[in-house]
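*Asks:* I have a structure here, written as structure tokens, and I will follow up with some questions on it.
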Amino acid sequence: MGCDYTNRLMVTLALSVVSLFAPIVLAHSTPSHAPHAPRLTSAPPTTAPTSTTTTAPANALAKSEPGVRDARQLTFPTRFIKAGESYFSPDAKRIVFQAIEVPTDGGEPADFYAMFVADLVRDGNDDIVALDNIRCVSPVGSANTCGWFHPTKPSTLLFGSTIGAPTAPNAPGFQRGTSRYKWSFPPETRIVEVDLSADSGKADRSPESLSTLEGDGTAYVAEGSVSPDGRFLLFTSLETGDGDLYVRDAKTGVRTALVKAAGYDGGPFFSPEGKRICYRSDRKQDNLLQVFTADLVFGPDGGITGVTNERQLTSNEHVNWCPFFRPDGKTLLYASSEVGHRNYEVFEIVLPTDGSQEPIRRRVTESDGADVLPVFSPDGKWMLWTGQRHEGKSSQLYIGRYVPPAATTTSPTTVPPAATPGAASGAAR
């Protein structure tokens, strides 16, 4: 990646977020500019034949109500130094997540995240209560991120991996003798897949067990997800020195650029019907990420040719990231520093049905400690996220029953102001 981009990833971190799980770099800083109006101007972001971008006005916030109940911790510091960014399998029987294990031999922990899969344990009431059969599927010494179960191949898992040890000399973390935190984007990172089925015998953590789907090891390629029909791979690439969104058509092999706007565009997901995408963007290149959606444009053969009708759903002086659609496509979750940089919380936004509507948001989580990277179960009944709710504040996995917004709760209100705007940049969704 370019030197200028690498330099922008070096930011000052508040000590209270040292252990924030994701490869997202948070900064405790005060912008040199005064807060501006909610409207943000952006360059044309897409490669579609025609494209319009709608910027959100000052969002109305629905009256706060509990958005999750019966929260339960799934991973613990006794097993994992930190764990997070987890996603459900299509049948909701397993999850994938990335983590750094506590060394069993008393040695030093790994420098980079490994990729894990685990079975979900349910009780007699069908409540998810624990994890079982936790196993690592990534090669020893490799750096890994952004796992995803293939929607039409039940035994296939995708994730970003360097396969071997990254060549960069410095691991992510606080740099010696400084108060700066650095997250590296290893150029060896590519999107791989592994067959988890027992009869394949392939998920043995060997480099040979992985098949490369995207990336050649010369530029970071990760943050991948697959369309509901299994045809398209959506991902972020740093091949131009800036984070851009691409799609690969498994049927034709065609690779298409979708969003190539200035700033890091990342963390993309398909909507449940496969006609839209959501993502976060550093469109102003100020490290204050905002959440976007866009409609996909399809050609005569059903291939994706671009995006149109891009809509910016958040517009503020905070970090808004890791958006994820609800299974019915009517809302999406995301995490934000809006209520305080030291205590990221999960919000939900009702997606406008046309460009004239103002998005309605509500706060979903409210706890002492960061709550980030929220995702829904396939049936929409559960929310899985990365949190720092326990003593010690290491990042771990949590799950709870999702509480839908009340149909009559539409009165706008405000969110308590953050003490200091945050800043973020990095590989996490």
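Residue numbers for the sequence shown follow the numbering used here, beginning at 175 and rising by one. We put the beta carbon where it would ideally sit given N, CA and C, even for glycine.
If we ignore side chains and look at the alpha-carbon of each, how far apart do residue 160 and residue 273 end up?
*Replies:* Outside the shown range of the chain, which is 175 to 603, sits residue 160, and nothing can be said about it.
*Asks:* At what residues does the beta strand (DSSP E) containing residue 256 begin and finish?
*Replies:* Per DSSP, residue 256 belongs to the beta strand (DSSP E) from 254 to 262.
*Asks:* At the 7 Å Cβ level, is residue 318 part of the contact set with chain D, yes or no?
*Replies:* Included in the structure is just one protein chain, with no chain D present.
*Asks:* Classify residue 371 as buried or exposed, calling it buried when 16 or more other Cβ atoms lie within 10 Å of its own Cβ.
*Replies:* It is exposed - the Cβ of residue 371 has fewer than 16 other Cβ atoms within 10 Å.
*Asks:* Out of 577, 570, 435 and 578, state which residue places its alpha-carbon closest to the alpha-carbon of residue 253.
*Replies:* For the residues 577, 570, 435 and 578, the minimum Cα distance to residue 253 belongs to 570.
*Asks:* Classify residue 256: buried if its beta carbon has 16 or more other beta carbons within 10 angstroms, exposed otherwise.
*Replies:* Burial call: buried.
*Asks:* Go through the region 483 to 517 residue by residue and report every complete run of the beta strand (DSSP E) that reaches 3 residues or more, in order.
*Replies:* Listed in chain order, they are 494 to 499 and 505 to 510.
*Asks:* Quick check on residue 317: buried or exposed, where buried means 16 or more other Cβ atoms within 10 Å of its Cβ?
*Replies:* Result: buried.
*Asks:* Is the beta carbon of residue 436 less than 7 Å from the beta carbon of residue 451?
*Replies:* Going by C-beta atoms, residue 436 is not nearer than 7 Å to residue 451.
*Asks:* Return the CA-CA distance between residue 535 and residue 320, expressed in angstroms with no decimal places.
*Replies:* Straight-line Cα distance between these residues: approximately 26 Å.
*Asks:* Please name the residue, chosen from 360, 292, 412 and 400, that lies closest to residue 424 on a Cα-to-Cα basis.
*Replies:* Looking at the Cα atoms, 400 is the closest of the given residues.
*Asks:* Under the rule that 16 or more other beta-carbon atoms within 10 Å means buried, what is residue 492, buried or exposed?
*Replies:* By the neighbour-count rule (16 or more Cβ atoms within 10 Å), residue 492 is buried.
*Asks:* Taking DSSP as the reference, what is the three-state secondary structure of residue 208?
*Replies:* For residue 208, the predicted model reports a pLDDT of 29, less than 50, meaning its position is unreliable; a value from the coordinates is still stated below. Looking at residue 208 - three-state DSSP - the assignment turns out to be coil, as it is neither helix nor strand.
*Asks:* In or out: residue 561 buried (at least 16 other Cβ within 10 Å) or exposed?
*Replies:* Flag for residue 561 reads buried.
*Asks:* Taking residue 439 as the reference, give the member of 426, 429, 294 and 413 with the closest Cα.
*Replies:* Nearest of 426, 429, 294 and 413 to residue 439, Cα basis: 413.
*Asks:* Go ahead and pull the three-state DSSP assignment for residue 335.
*Replies:* It is a strand residue.
*Asks:* Nearest by alpha-carbon distance to residue 286: which of 341, 464, 502 and 527 is it?
*Replies:* The residue with the shortest Cα to Cα distance from residue 286 is 341.
*Asks:* Under the assumption that residue 366 contacts residue 392 (Cβ atoms under 8 Å), give the Cβ distance between them as a whole number of angstroms.
*Replies:* With 8 Å as the limit, residue 366 and residue 392 do not qualify as a contact, their Cβ atoms being about 15 Å apart.
*Asks:* What's the C-alpha gap between residue 580 and residue 507?
*Replies:* Taking the straight line joining both Cα atoms gives about 16 Å.
*Asks:* By a C-beta neighbour count over all protein chains shown, 10 Å radius and 16 as the cutoff for buried, is residue 380 buried or exposed?
*Replies:* Flag for residue 380 reads exposed.
*Asks:* State yes or no: is the C-beta of residue 243 within less than 7 Å of the C-beta of residue 574?
*Replies:* Yes, Cβ-Cβ distance for residue 243 and residue 574 is below 7 Å.
*Asks:* Is residue 544 closer than 7 Å to residue 576 when the C-beta atoms are compared?
*Replies:* Not in contact: residue 576 and residue 544 (Cβ atoms no closer than 7 Å).
*Asks:* Would you check if the distance between the CB atom of residue 295 and the CB atom of residue 331 is smaller than 7 Å?
*Replies:* Contact flag unset, no.
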